[in-house]
Structure formats: C-alpha cells, structure tokens
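Some notes on the structure that comes next.
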Amino acid sequence: MKKFLMVCSLLTAVAFAGSGVAFAGPEKDPMKPRVPKSDRGTAKKMKSPFGKLEDAPADIVAEGKKIFEGKGTCVNCHGKDGDGQGPAGKVLNPGPRDFTNCKFHKRRKDGELFWIVKNGSPGTGMVSMIPATITEEDGWKVLAYERSFCKK
Ligand code: HEC
C-alpha cells in the first residue's frame, strides 16, 4: 500500500510534466499565504501536540526525518536537503517549497503548514497527504523536521 501511494505521488508529478511543463517551475512567492482566507484564522490557531515546531525535541525531529524520506514521500519533491530540488519536484510548476528559506518559516504559523499537508495547496502539485499517506501525528513530526532545514 505504501509503495502504491508513493507511485501515486510520483505519477502526480509526471502528470504535471506531461501537461507541458518539462522543467522545474519557479517557486510561487513563498511570502504569500497558501491557506484560503476562509480557513486561515482557524488554521493559524492549530498547535502541534508537542509545542512549537521549531523547538521540537530532537527525537521528534529524527522521527520526522524518517517520515520525510520514507512513507511521507516528501523527499521526492522537496529534496533530501529540503531545498525543493527533489527528482519529482523538478518537473512541477510551481516548484515545491524551499524549506531552507528562514524568511518563509518566519512568515508561516505551524498550523498553516499543517493545513497544507492535510488539504494540499490548491492548484499545485502539493496534494493532500493526510490521511491517505500519513497520519496527523506524522504530519506534525515531519513538519518539525521541515522547520529544521532553516539553519539560523
Ligand atoms: C508531488 C510533489 C510533492 C510531494 C510528494 C510533497 N510536496 Fe509539499 N509541496 C509541493 C509543491 C509543488 C509545493 C508548493 C505549493 C505552493 O506553491 O502553493 C509544496 C509546498 C509545501 C509546503 C508549504 C506550504 C506553504 O505554506 O507555503 C509544505 C509545508 C509542504 N509542501 C509539506 C510537504 C510534506 C510534509 C510532504 C510529505 C508528507 C510533502 N510536502 C510532499 C510538492 C510536493
């Protein structure tokens, strides 16, 4: 089942490539919010079960890394270094988020990131990952790892 889902996310990327986009599209302005206005207020208030993501304990971040590179399939698009240069990410337009960008992290509340992992970013290759691919708890853990790509 996990393999199947992994193939599905890759196929999503390939479908985008097939639609005429043959090279890595530029990242859409990461400073602009992604959660639709109707849900943004509620999304901003959502909190992880282990406090602020940027202060998450090392063992949670380590579990998040496993999910990012494993069953979450995030690595395929966001890249091993979190810079948006994953093999499937290269064919997407807009391109995947570059998680090494600290300004981006500062701009987003934890809950807004979670909303996107749960619902996807409308009109992009970032599709809903919860519950089909990962659980809500996995979602928070993987986001703790994504926050750690910003080295202050
Ligand atoms: C098929 C490719 C693909 C996969 C797999 C993928 N993403 Fe993404 N992701 C994207 C793209 C493309 C964007 C940029 C969307 C946009 O600009 O709105 C993005 C954006 C994001 C964002 C930024 C949302 C924001 O507020 O700007 C987060 C957080 C994110 N992804 C988390 C994840 C996590 C966690 C996983 C794995 C569980 C994952 N992604 C898997 C393609 C992917």
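Heads up: the sequence shown is residues -24 to -1, 1 to 128, going by mature numbering (1 follows the signal peptide of the UniProt record, and there is no 0). Even for Gly, the Cβ is constructed at its ideal location relative to N, Cα and C.
In the structure shown, Gly27 falls within a coil segment according to DSSP collapsed to helix, strand and coil. Assignment of Gly40 by DSSP, reduced to helix, strand and coil, places it in the helix class. Short of 6 Å from the beta carbon of Asp114, and not among the five residues preceding or following it, lie these beta carbons of its own chain, in chain order: Ile43. Taking C-beta atoms as the reference points, Ala19 and Trp116 fail to come closer than 9 Å. The secondary-structure analysis by DSSP pairs Glu45 with nothing; it has no beta-bridge partner. Here the stretch 29 to 41 makes no contact with the stretch 53 to 68; the two share fewer than three CB pairs at distances below 8 Å. In terms of Cβ geometry, Arg16 and Ser97 do not form a close pair [threshold 9 Å]. With 16 or more other Cβ atoms from the protein chains shown falling within 10 Å of its own Cβ, Ser24 counts as buried.
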